[in-house]
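Please read the structure below before turning to the comments.
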Amino acid sequence: VGVPTTGVDGFISGLRECGIETSIRHGVVTFIVAAVDGALAGQAVEVGVSVDELGAWPAVPPHWVHLPPDVRFTRSNTQASELPGWVKHSRGANAWGDAGHPPQAYVAHLRAVVGEAA
Amino acid sequence: MSQDATSVAMTEQTDGALRAHLLRPDGQEDVCLATYRRSHGSRRTNALLRDVVLPDTGERSVHGNASFTGEYVMRAVEIARSADCGIALLHSHPGASGWERMSGPDADAERSYAYLATELTGLPLVGMTLAGRDARWSARRWSSDGVAASAENVRVVGPLLRTSWNDETCPAPVAEPSQVRTISGWGQQVQNDLTRLRILIVGLGSVGLDVALRLAATGVETIGLMDFDNVETKNLDRLIGASAIDVWLGRSKIDVAQRLVSEAATASAPRIELHDMSICEPAGLAAALDYDLIFSCVDRPWPRAVLNTVAYSDLVPVIDGGIHIDSFPEGGMRNATWRSHVVRPGRPCLSCNGQLDPSSVALDRQGLLDDPAYIAGSDIVGRARQNVAALSVSVVASLLSQFVSFVVGPGGEGDPGPLQYVLSTHSLEVLDRRTRDHCAFEQGEAAGERRLTIVGHHREAEDARGYRRLRRRRLEVRVGRAVDRGALMVRTALARVAQARGMKSEREPFAPSTVQFERVGVRRR
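Listed below in structure tokens is the structure:
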């Protein structure tokens, strides 16, 4: 059937194509993205996405971005993350569906999110 | 209808490729193989044709009829296995028309590969015959021990929904005198094809209820009604036929719809199937896969995402639409627009058509689009709630026009593509919406069981069912429901008497060249 492109397996294999390794902890896929802007520019930031939100990947992108507690925003709609101590932030990937390589587009979205950190 | 029915579906492109090979210019029979993916409903299994595997040189010979080699079958099996598919064996009968019965040699040929196909692919062999004179298909599913179960229909999804019917398992409905005007509009054959379609309406609000009523009046035999919601006072300005009694007695929308649709039905034996659930629940999805066509009358992102998936992954076309009313904040109306479109392979999906925001699906799934605390802390605006009964009927008309174009094909034209009506200028626009290059919904065409996983636990549906259970325990509600049920029984009995009297005294004359009830048999009571 080949390399998976949909669901959580598709998300993970897509990130691997981008050179990003992942792990799954407490039902959250975690990986590192490089912040290119804002207060964290130049730093590697660990981020997470819930496995539960990846069933319809890449048609439907995950909404919540899980981040360690030291990544803060001036304004954010938050909930407790499944990862102990982490916080998940409400960050929709708007205008979704145009990208030729959805994992790359989602990583760009995540970089924009961490770029907003205070 | 059997409990373990089979239906076969394919896109117009697949049908075209098969016809190009199987219907030869020299009029001889031919044969080929294809792969299929399985899609399970709650009462039927669908075989969704995917790749046509044409024979290479030397893999089949044509000599009036056609024969093929074991190597050809094994090549197709390997292709099927690598794609998690089963195989279908297809052949043509150039001089035939309609649903074909199997000849002895044809049955023997298919039976001889039934065990092999099941053992090697894990899925049963599907046999199919194409009748050359009218391009109608017939199909059957073979068990590994060589027993064939005839399919109930074969659906070809393109600008038109072309359905070949097995008259033995799904006989054409008896034409009723109350359908004379309808049948004279498009003829008996169209009526026979259209009224056998299993049609599901998802969402029984103002639009869905009206759609259901008109399908029932048209004579559609099997109508599925899916909604988990209860009738509330705020619905009564749009749910025509629902009353304060229904609110008081804790009725669901499908309960009310069943009552009204049953009264409107003109079929001799209408089947109203109730689904007290959301399409977003696993049981709701399974139920939906039992239907040939779905009307989407829901406005939430999550159910629309599920329907958008099914239209491609399971080849069940979805007729969708909705209304947007643009009000001035201080009161008054700036404009209203309503849209309609058939969602199917070959047409843009709801996301490409701008009718579904994928990024809002996760929020809807968590119930956050109705959570004032969440909305207050976000940039999103609450759901638009405006609706007007006087205009929702226009959405109904638009959806049903799409339906007639898609199923009947007036003038040979199929569905027109996405349409938008603008109220302020009273103009109808054909919207130039195209599939995006990388649409993940549409890339899942005929994926069947490997479709996107988008269903799950639906708290709102559970809450609604729980509310009804509690309400029905109250003594006054129990008594009220018993009295109301008695009144309904009296009304049903009166309707039967009226129907019998009406048939005796009021036979309407009609042109026998157009509609011949005597030939197809009028039900006498």
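For the record, the sequence lines run as chains E and L.
Position 64 of the first sequence, counting from 1, maps to 192 under the working numbering, and the rest follow consecutively.
Position 369 of the second sequence, counting from 1, maps to 370 under the working numbering, and the rest follow consecutively.
No residue lacks a Cβ here, since even glycine has one placed at the ideal position from N, Cα and C.
Only a predicted model underlies this, so the values are computations on that prediction, with no experimental measurement involved.
Counting C-beta neighbours from all protein chains within 10 Å, is the total for residue i 16 or more, i.e. buried, or is it exposed?
i: L:Asp-27; result: exposed
i: L:Cys-353; result: buried
i: L:His-427; result: exposed
i: L:Glu-111; result: buried
i: L:Phe-407; result: buried
i: L:Leu-489; result: exposed
i: L:Thr-58; result: exposed
i: E:Thr-202; result: exposed
i: L:Arg-305; result: buried
i: E:Cys-146; result: exposed
i: L:Pro-373; result: exposed
i: L:Leu-476; result: exposed
i: L:Arg-498; result: The sequence given here has Val at residue 498 of chain L, not Arg. The residue in question, L:Val-498, is exposed, as its Cβ has fewer than 16 Cβ neighbours within 10 Å.
i: E:Ile-152; result: exposed
i: L:Lys-235; result: exposed
In the DSSP assignment, find the unbroken beta strand (DSSP E) run with residue i in it and report its ends.
i: E:Leu-195; result: 192-195
i: L:Tyr-37; result: 32-41
i: L:Met-129; result: 127-132
i: L:Gly-467; result: From DSSP, L:Gly-467 is part of no beta strand (DSSP E) but of the alpha helix (DSSP H) over 460-473.
Can you give me the C-alpha to C-alpha distance between residue i and residue j, rounded to a whole angstrom?
i: E:Asp-180; j: L:Ser-279; result: 19 Å
i: L:Arg-301; j: L:Asp-438; result: 25 Å
i: L:Gly-333; j: L:Asp-327; result: 9 Å
i: L:Gly-17; j: L:Arg-348; result: 17 Å
i: L:Val-232; j: L:Ala-465; result: 10 Å
i: E:Pro-132; j: E:Ser-141; result: 7 Å
i: E:Thr-134; j: L:Tyr-73; result: 31 Å
i: E:Ser-218; j: L:Pro-330; result: 28 Å
i: L:Gly-242; j: L:Val-191; result: 30 Å
i: L:Met-11; j: L:Glu-443; result: 14 Å
i: L:Thr-515; j: L:Glu-177; result: Residue placement at L:Thr-515 is poorly supported in this model, since its pLDDT is 40, which falls under 50; the coordinates still yield a value, given next. Whole-angstrom Cα-Cα distance: 14 Å.
i: L:Ala-268; j: L:Val-299; result: 27 Å
i: E:Glu-210; j: E:Val-156; result: 7 Å
i: L:Asp-358; j: L:Asp-107; result: 50 Å
i: L:Leu-55; j: L:Pro-172; result: 34 Å
i: L:Val-344; j: L:Asp-31; result: 33 Å
i: L:Arg-82; j: L:Leu-121; result: 8 Å
i: E:His-194; j: L:Gly-368; result: 19 Å
i: L:Gly-522; j: L:Val-175; result: Residue placement at L:Gly-522 is poorly supported in this model, since its pLDDT is 39, which falls under 50; the coordinates still yield a value, given next. Approximately 7 Å between the Cα atoms of the pair.
i: L:Gln-500; j: L:His-342; result: 37 Å
i: L:Ile-80; j: L:Gly-449; result: 17 Å
i: L:Asp-416; j: L:Val-396; result: 16 Å
For a quick check, are the C-beta atoms of residue i and residue j less than 7 Å apart?
i: L:Ser-399; j: L:Gly-323; result: no
i: L:Leu-90; j: L:Leu-34; result: yes
i: L:Thr-219; j: L:Thr-183; result: yes
i: L:Ala-132; j: L:Ser-104; result: no
i: L:Ser-8; j: L:Ala-152; result: yes
i: E:Pro-189; j: E:Trp-224; result: yes
i: L:Tyr-292; j: L:Leu-201; result: yes
i: L:Ala-287; j: L:Ser-40; result: no
i: L:Gln-259; j: L:Ile-246; result: no
Can you pull the DSSP bridge partners for residue i?
i: L:Ser-151; result: L:Arg-141
i: L:Met-11; result: L:Val-157
i: L:Asn-336; result: L:Asp-327
i: L:Ile-202; result: L:Leu-226 and L:Phe-296
i: L:Gln-421; result: L:Arg-340 and L:Glu-430
i: L:Leu-49; result: L:Ala-10 and L:Arg-38
i: L:Asn-388; result: In the DSSP output, where bridge partners are listed per residue, L:Asn-388 has none listed.
i: L:Ala-89; result: L:Ala-35 and L:Val-127
What residue range is occupied by the uninterrupted alpha helix (DSSP H) comprising residue i?
i: L:Lys-254; result: 254-265
i: L:Asn-231; result: Careful: L:Asn-231 lies outside any alpha helix (DSSP H) and carries neither H nor E.
i: E:Thr-202; result: Element bounds for E:Thr-202: n/a, residue is neither H nor E.
i: L:Trp-303; result: 302-314
i: L:Arg-272; result: Careful: L:Arg-272 lies outside any alpha helix (DSSP H), inside the beta strand (DSSP E) at 272-276.
i: L:Asn-193; result: 189-197
i: E:Val-235; result: 230-243
For a test of your reading of the model: does the CB of residue i fall under 6 Å from any non-hydrogen atom of the ligand HEM? Yes or no.
i: L:Trp-339; result: Ligands displayed in this structure: none; no statement on the ligand HEM is therefore possible.
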